[in-house]
Amino acid sequence: MRQRREKVASVVGWRRIGLLLCVLVGVCPGSCLREDELRCEDAVSHIVGCCPGTSSQYVACEYNFGVCNSTVPGLSVESSRCIVTLGCEQIRESYLCGGTGSLGCGSYL
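Set out below in structure tokens:
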């Protein structure tokens, strides 16, 4: 469990560094994060930290634009912000550990 948290934290940490470099350089290559991606990653990391056995893979947080196939993060900025304000007990009681919960500030998943 601790190893999983460290892995998620490491991935989120590296992505934040990439975002910071994009801001400092003023150019954002294709691998740079958008706000919705970053907020989604934070929310998923928080859920994984509160829910033993939950995979960080159960919601996609990537934005990819393509002509035939585009994807957006599975959580909106507003929903992500709401999730990170919740305590672990609230997350478990609202079924967010299973990926089907809602707490009145948007549906998650």
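Residue numbers for the sequence shown follow this note's numbering, beginning at -15 and rising by one.
Ideal placement from N, C-alpha and C gives every residue a C-beta, glycine not left out.
For residue j and residue i, the rounded distance between their alpha carbons
{"i": "residue 64", "j": "residue 82", "result": "16 Å"}
{"i": "residue 38", "j": "residue 31", "result": "8 Å"}
{"i": "residue 35", "j": "residue 25", "result": "15 Å"}
{"i": "residue 16", "j": "residue 53", "result": "19 Å"}
{"i": "residue 59", "j": "residue 50", "result": "19 Å"}
{"i": "residue 43", "j": "residue 80", "result": "11 Å"}
{"i": "residue 76", "j": "residue 48", "result": "30 Å"}
{"i": "residue 94", "j": "residue 70", "result": "Examination of residue 94 is not possible in this model, given that the chain is present from -15 through 93 alone."}
Three-state class that DSSP yields for residue i in the structure shown
{"i": "residue 38", "result": "coil"}
Residue i classed as buried or exposed, judged by whether at least 16 other C-beta atoms fall within 10 angstroms
{"i": "residue 21", "result": "buried"}
{"i": "residue 28", "result": "buried"}
Proximal residues to residue i (C-beta, below 8 Å), its chain only, five neighbours per side dropped
{"i": "residue 46", "result": "21, 55 and 57"}
Boundaries (first-last residue) of the alpha helix (DSSP H) holding residue i
{"i": "residue 61", "result": "61 to 69"}
{"i": "residue 76", "result": "72 to 77"}
Cutoff 7 Å; reference residue i; Cβ partners in own chain excluding five residues on either side
{"i": "residue 61", "result": "19, 20 and 23"}
Spatial neighbours of residue i in its chain, beta-carbon cut-off 6 Å, leaving aside the 5 residues before and after
{"i": "residue 68", "result": "26, 27 and 30"}
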